[in-house]
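K.L.:
Just so we're on the same page, the working numbering is the position in the sequence shown counted from 1, plus 8. All C-beta atoms in this analysis are idealised placements derived from N, C-alpha and C, irrespective of residue type, glycine included.
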Amino acid sequence: MNKVAEELSGWSLEDAAGREIDEIFNIISGKTGRRCRGIFEKILKAGCIVELTSRTVLISKEGSKRTIADSGTTVYGKDGAIIGVVIVFRDITEKILMEEELVKARKLESLGILAGGIAHDFNNILMAVLGNISLARREVRVGTGLYAKLFEAEKAIIRAKELTQQLLTFSKGGTPIKSTASVKEIITDSADFALRGSNVSCNYDMAEGLWPIEADEGQISQVISNLVINADQAMPEGGVIRIAATNISIEPSCIDGAIAEGKYIKISISDSGVGMPQEHLQRIFDPYFTTKKSGSGLGLAIVYSIVKKHDGFVTVESEHGKGTTFHIYLPASQREIKAADKAAEIIAQDTGKVLVMDDEEAVRSVVGRILEYLGWEVGYAEDGSQAIKAYEAALNSDSAFDVVIMDLTIPGGMGGKEAAEQLKALDPKAKIIVSSGYSNDPVLAEYEQCGFSGVINKPYRIEEMIDVLYRVAHSDSSETEAIRFPNE
Ligand SMILES: Nc1ncnc2c1ncn2[C@@H]1O[C@H](COP(=O)(O)OP(=O)(O)OP(=O)(O)O)[C@@H](O)[C@H]1O
Ligand SMILES: [Mg+2]
Numbered sequence: 009m010n011k012v013a014e015e016l017s018g019w020s021l022e023d024a025a026g027r028e029i030d031e032i033f034n035i036i037s038g039k040t041g042r043r044c045r046g047i048f049e050k051i052l053k054a055g056c057i058v059e060l061t062s063r064t065v066l067i068s069k070e071g072s073k074r075t076i077a078d079s080g081t082t083v084y085g086k087d088g089a090i091i092g093v094v095i096v097f098r099d100i101t102e103k104i105l106m107e108e109e110l111v112k113a114r115k116l117e118s119l120g121i122l123a124g125g126i127a128h129d130f131n132n133i134l135m136a137v138l139g140n141i142s143l144a145r146r147e148v149r150v151g152t153g154l155y156a157k158l159f160e161a162e163k164a165i166i167r168a169k170e171l172t173q174q175l176l177t178f179s180k181g182g183t184p185i186k187s188t189a190s191v192k193e194i195i196t197d198s199a200d201f202a203l204r205g206s207n208v209s210c211n212y213d214m215a216e217g218l219w220p221i222e223a224d225e226g227q228i229s230q231v232i233s234n235l236v237i238n239a240d241q242a243m244p245e246g247g248v249i250r251i252a253a254t255n256i257s258i259e260p261s262c263i264d265g266a267i268a269e270g271k272y273i274k275i276s277i278s279d280s281g282v283g284m285p286q287e288h289l290q291r292i293f294d295p296y297f298t299t300k301k302s303g304s305g306l307g308l309a310i311v312y313s314i315v316k317k318h319d320g321f322v323t324v325e326s327e328h329g330k331g332t333t334f335h336i337y338l339p340a341s342q343r344e345i346k347a348a349d350k351a352a353e354i355i356a357q358d359t360g361k362v363l364v365m366d367d368e369e370a371v372r373s374v375v376g377r378i379l380e381y382l383g384w385e386v387g388y389a390e391d392g393s394q395a396i397k398a399y400e401a402a403l404n405s406d407s408a409f410d411v412v413i414m415d416l417t418i419p420g421g422m423g424g425k426e427a428a429e430q431l432k433a434l435d436p437k438a439k440i441i442v443s444s445g446y447s448n449d450p451v452l453a454e455y456e457q458c459g460f461s462g463v464i465n466k467p468y469r470i471e472e473m474i475d476v477l478y479r480v481a482h483s484d485s486s487e488t489e490a491i492r493f494p495n496e
């Protein structure tokens, strides 16, 4: 036995000498867990190099297990007679782990492709549902029971959209599409939704005058909902989750390298559940780390990646058996929340001409009806080339389109990106809004570089449509008359 053999087997040459080989070289099959005995005899019988099955596990003297690759052969003396057997083995535990990581990465990649396809189709369907409910809600008086029900239905559809988003974010890394937002509403909406039907309730403690954040609302809502679901699961007997939000300033003196100084919103989510032992705390943000029977172990990995992409950070305190608190720090925004974001019930009274391009009939018609409801004259196109033709024809007549709303991905046809390039070449002043059900496309995060003046993710509510139209119209106010809200 050389040094490495001593190390891997846990036996020193001195202790091993004179013992049975099966005792020292104690191997089992990695697949079946059964002991492999008589390896010397097998090698002797074969008379050539013998390789053992790929996943042999060596159990050391102390009982630790390592996956090894091994082979053996007979050793001949000068006179050609067999004088022994040599076994060569090395530790491939790390290599196997790396291979497993690779398999996981590939799985995530295919999950991403699948999720992308589902998100696209699913969000188009949801657009038809949400658009119609949004329109129906507009026909009902505010404050009535029917209004409230339709409003709840809208919220639920937005959650359904976020479910696909959740998959996408993790599998593809999803660049956040940020806007100035208030955390208060995101927190209460996501937490209440996550706790539906649960015996756990939520207790809020939101400071007055919380600063706004620059955030992807869908992603931040995922963060809250993943943390609330974990807290809920940590209290199977029921209980109360406390969620607090406050403004804090991180001074240079508190910085330990990882955190930038500045103003943050701190969100704390506490439960009085099972808590975690110290050794788990290091690993909870790792993908696939789970202690639950049916957990995927992705919840906190997603939280971590989203918060990081928002230039924030997460910390956790937990006491085994007592409870857990997660703290999320998100940088405060210097900007103010736009009036249109807050005004959920306003109706824009604007007239103009808009071209809607989408390959799905159900989407085209509901978006068209929303726009007509808002007072626009609507034209339609099924793909990029139709849109360009229609736009050009209108441009040459005396009623050009003021705004174009384009779907980003058109299976088998010219999509929004290419069409926007061509439209801009045709008319540099063209105002184009990109709309997509596949919100992880990088084009959406950098829509301005791609020639778009605005972005809207399917499915969306009427208010979001008003908002984006408002912004686009104001993006260049010398050219377009501002959209005015009647109650402003
Ligand atoms: N509030 C909490 N209280 C106690 N343990 C927690 C809490 N939050 C997370 N954990 C521990 O961290 C592990 C990882 O959490 P994570 O959300 O990433 O995955 P999961 O909840 O197990 O599965 P998934 O969220 O994908 O369904 C959990 O399995 C649990 O052991
Ligand atoms: Mg979880």
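1. Below 8 Å on the Cβ atoms is my contact criterion, and I expect Asp367 with Pro419 to pass it. Report the Cβ-Cβ distance as a whole number of Å.
2. Do you know whose CA, among Val480, Gly423, Val412, Tyr381, lies nearest Leu143's CA?
3. Apart from the five residues on each side of it in sequence, which residues of its chain come closer than 6 Å, Cβ to Cβ, to Ser341?
4. In the DSSP assignment, what residue or residues form a beta bridge with Asp213?
5. What's the gap between the Cα of Thr40 and the Cα of Leu52?
6. With DSSP collapsed to three states, give me the class of Gly307.
7. If I follow the unbroken beta strand (DSSP E) through Thr323, where does it start and stop?
8. From Glu3 to Ile194, what distance separates their C-alpha atoms?
9. Sorted by chain position, which residues of the same chain lie with C-beta nearer than 6 Å to Ala332's C-beta, five sequence neighbours on each side aside?
10. Is His288 close to ligand 1? I mean its beta-carbon at under 7 Å from any heavy atom of the ligand.
11. Name the DSSP bridge partner or partners of Thr332?
12. Less than 7 Å separating the Cβ of Gly307 from some heavy atom of ligand 2?
13. Go ahead and pull the three-state DSSP assignment for Glu222.
14. From which residue to which residue does the beta strand (DSSP E) around Gly376 run?
15. So does Ile292 have its beta carbon nearer than 7 Å to some heavy atom of ligand 1?
16. May I ask whether a heavy atom of ligand 2 can be found less than 7 Å away from the beta carbon of Gly281?
17. Nearer than 7 Å: is that true of the beta carbon of Gly303 relative to any heavy atom of ligand 2?
18. Do you know offhand how far Arg343's Cα is from Arg372's?
19. Output the distance between the C-alpha atoms of Asp406 and Ala481, rounded to the nearest integer angstrom.
20. Kindly examine ligand 2 and report whether one of its heavy atoms sits closer than 7 Å to the Cβ of Asn131.
21. Measuring from the CB of Ala242, is there a heavy atom of ligand 1 at a distance below 7 Å?
22. Output the distance between the C-alpha atoms of Gly424 and Glu385, rounded to the nearest integer angstrom.
23. Taking DSSP as the reference, what is the three-state secondary structure of Thr299?
P.N.:
This is what the structure holds:
1. 7 Å
2. Tyr381
3. Thr188, Pro220, Ile221, Glu222
4. Ala252
5. 25 Å
6. helix
7. 321 to 327
8. Residue coverage of the chain in this structure runs from 9 to 496, which leaves residue 3 outside it and unanswerable.
9. Note that residue 332 is Thr in the sequence shown here, rather than Ala. These residues qualify, in order along the chain: Asp279, Gly283, Ser326.
10. yes
11. Asp279, Ser326
12. yes
13. strand
14. Where Gly376 is concerned, there is no enclosing beta strand (DSSP E), although the alpha helix (DSSP H) it sits in stretches over 369 to 381.
15. yes
16. no
17. yes
18. 34 Å
19. 20 Å
20. no
21. yes
22. 21 Å
23. coil
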